Each structure stands twice: as structure tokens, then as C-alpha cells.
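Structure first, then comments.
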Amino acid sequence: MKQITNQFLVKLLVGSSLALAMTSQAWAEPDPKLWPVVREAFFAKRDIQEVDFIKIDAPRRAESGAQVPVTYSIDNAAANGVVIKKLYAIVDANPIPLTATYHLTDMLGNFQLATRIRFETDAFVHLVGETADGKLYGATRAIRAAGGCGGTVDGDDAAIRASAGKIKLRVEDPVKIGSAASTIFNIKHPMRTGLQRDLVSQGYVPAFYINKAAFTYNGKPVMTIDVGVGTSEDPYFKFNFVPDAPGKLDVTATDNEGKAFTHEVEVKS
Numbered sequence: 120m121k122q123i124t125n126q127f128l129v130k131l132l133v134g135s136s137l138a139l140a141m142t143s144q145a146w147a148e149p150d151p152k153l154w155p156v157v158r159e160a161f162f163a164k165r166d167i168q169e170v171d172f173i174k175i176d177a178p179r180r181a182e183s184g185a186q187v188p189v190t191y192s193i194d195n196a197a198a199n200g201v202v203i204k205k206l207y208a209i210v211d212a213n214p215i216p217l218t219a220t221y222h223l224t225d226m227l228g229n230f231q232l233a234t235r236i237r238f239e240t241d242a243f244v245h246l247v248g249e250t251a252d253g254k255l256y257g258a259t260r261a262i263r264a265a266g267g268c269g270g271t272v273d274g275d276d277a278a279i280r281a282s283a284g285k286i287k288l289r290v291e292d293p294v295k296i297g298s299a300a301s302t303i304f305n306i307k308h309p310m311r312t313g314l315q316r317d318l319v320s321q322g323y324v325p326a327f328y329i330n331k332a333a334f335t336y337n338g339k340p341v342m343t344i345d346v347g348v349g350t351s352e353d354p355y356f357k358f359n360f361v362p363d364a365p366g367k368l369d370v371t372a373t374d375n376e377g378k379a380f381t382h383e384v385e386v387k388s
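In C-alpha cells:
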């Protein structure tokens, strides 16, 4: 993947297209003209093959642009030997399109993950999978939602920061060693985008967000998520992994200010 070190460029390109689209209609269908711009910024001229084995499940119209539920999955049987190592989740009309990058391992089995993401306006979600040799495969879904990236924020900043980083991690019973175990991770965090304004001063509130969550089981990597500000407040991830023995599932999450938060749970059959 072409490394994007200057997110301002992506914000500028997408933001300009958004401004043109929104002058004619406050609530419009997702704009297919945005994806070529975003795709070029992230993947340059690389081919992305649209496939059926990568899937996005989401509502056609979301109740809130700040909390849009989505489920991503990979059907290994239908993939015919294609092994996806990374997944890029991109909302093409967001000011910062990349919501998260998922680094996958064999311990995830038949990958399925539910989460909640933000939408600034109606958009297409693009889930792009990358193999170890750099081939790209994708799926797309249109979703109507708005207002999730900007707006105003208020509240006691000291209290918000004091509670940030509190983790809930649960592996649901019953657990059967060698079979998929449903796991739920939730971390308290405001996930401030840097595009929101203070309710009183109307100045921009600095970005403050979880930027990584790394899961291991008995010391072996399960999944690492590079989290972006397009992930909703209080990040939530529900996924399956396949424990190969009784043990401990650990997670370490970090934020963009360098703080680290850890939690672990025991897994027994």
C-alpha cells in the first residue's frame, strides 16, 4: 500500500469534492466520483479486484452518522486459496477516509468483525483486502448517514480524560478449544477527530483518539488494528478467534498521545 504520510492531502481532495456535492443537495446519494480520488491517494494505480468472498453488512440508511454499525467478513471457502493479511476500511466521503486497518492472522479463522464507524455524509464503504504478495481485493457498500465527523463537543474535559482507556474484554461462553470463540472488546474513549468544535469557544478541539489495539493469545498475535478517527466514540470490536489451548487473551491499546491501556481475560474450555 502506498503510505500516506500527509492526511491533509486526502482531506483536501475529498473535502473539495464534498463541498461541490453539498452545494446542490444537503442530503444526497453516495457519490461514485469520490472513490477514484481516494483510491489514487491510498493505492495509486494498483488494481483492486471486486470479489464476493469479502463482505460488508450494514444498514442501507443509518440512524446516526456518529455510530454506524458495520460487519466485515471473509469467506475463506469462497476465497479459493486467497489469504488476506490486511484489510483497509475506507469511507470515501469522510474528511479522513481510512477508518481502520486490520492486520489479520490465522488465529482469526473465518474472519468476521463487527464495529461502529462515522459518516460525515452519504458514502460508500470500501473494504480492501491485501495478500502477502500485495494483491488487492475489494467489496463496496453504499450507506446513507450524515454528521458523524464534525459538529460540536462539550463536557468536562478532565473527567473525559480520566475515564478514557477503561477496557471491557469478554470471550463469550461456551468456549470450545479449536473452534471460533466470540470476543467483544470495548474501550471508553471520546475519539475526537480534530474536526469538532468546542461548544463554547467554537475553536477546533484537538484530535484525541485510540490509534491501535493489539490482541495476543498466549503470547501469539491474533489481530492488530490501526484505529483511525473514523471509528466511533468508545471503540467497539466484536470478532471471532480460534483458541488452540486454554490460556489468556491480552489486549494493549494506545492513543495518539502515547498512553497505553492493557487488559487480559482467561479462556477456559
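All residue numbers for the sequence shown refer to our numbering, where the first residue is 120 and numbers rise by one. Where a beta carbon is used, it is the ideal one built from N, C-alpha and C, also for glycine. Computed from a prediction, not measured in an experiment: that's the story for all the values here.
Rounded to the nearest angstrom, what separates residue i and residue j at their Cα positions?
i    : j    : result
T335 : Y207 : 20 Å
E249 : L255 : 5 Å
N195 : D353 : 30 Å
A332 : K152 : 33 Å
Y355 : A299 : 19 Å
R179 : Q186 : 14 Å
S388 : G297 : 10 Å
H382 : T350 : 20 Å
G338 : T224 : 13 Å
N199 : A277 : 51 Å
P155 : E385 : 45 Å
A326 : V346 : 13 Å
G313 : Y221 : 23 Å
G322 : R311 : 13 Å
R158 : P365 : 42 Å
R235 : D150 : 22 Å
T371 : N330 : 11 Å
L217 : F243 : 12 Å
N213 : V294 : 38 Å
R280 : I215 : 23 Å
S320 : F161 : 35 Å
R165 : S301 : 35 Å
P309 : I303 : 19 Å
V348 : G253 : 26 Å
Please go through the same chain and pick out, in chain order, the residues whose beta-carbon is closer than 8 Å to the beta-carbon of residue i, but skip the five residues on each side of it.
i    : result
L227 : V341, M342, F358, N359, F360 and V361
E148 : D241, A261 and R263
G377 : none
A181 : V187, P188, F238, I262, R263 and A264
A379 : T371, A372 and T373
I392 : In the structure displayed, the chain extends from 120 to 388; residue 392 sits before or after that span and is not available.
Is residue i helix, strand or coil when you go by DSSP?
i    : result
E352 : coil
S301 : strand
P155 : helix
I262 : strand
R180 : strand
S320 : coil
R165 : coil
I236 : strand
I329 : strand
M310 : coil
V374 : In the sequence as displayed, the identity of residue 374 is Asp instead of Val. Three-state result, D374: strand.
D345 : strand
P198 : Checking the displayed sequence, the identity of residue 198 turns out to be Ala instead of Pro. Here A198 sits in coil by DSSP.
A208 : strand
S388 : coil
In chain order, what residues of the same chain lie with their CB nearer than 6 Å to the CB of residue i, ignoring the 5 residues before and after it?
i    : result
T271 : R316 and L318
D389 : In the structure as shown, the chain starts at 120 and stops at 388, and residue 389 therefore has no counterpart that could be examined.
T190 : D176 and A233
N305 : K287 and Y355
E184 : The displayed chain sequence assigns Gly, not Glu, to residue 184. Here the set comprises F238, A264, A265, G266 and G267.
N229 : N195
V324 : V272, R311, Q315 and D317
In its own chain, which residues sit with a C-beta less than 7 Å from the C-beta of residue i, not counting the 5 before and 5 after it?
i    : result
K307 : S282, A283, G284, K285 and D353
H245 : W154, I209, D211, G257 and T259
I173 : I193, L246, G248, Y256, G257 and A258
D171 : A197
For the putative contact between residue i and residue j, defined by C-beta atoms under 8 Å, what is the C-beta separation to the nearest angstrom?
i    : j    : result
G257 : E169 : 6 Å
Y328 : D374 : 6 Å
I344 : A219 : 6 Å
- Message: Pairs of beta-carbons, one from the stretch 197-204 and one from the stretch 283-303, closer than 8 Å: are there three or more?
- Response: Here the stretch 197-204 makes no contact with the stretch 283-303; the two share fewer than three CB pairs at distances below 8 Å.
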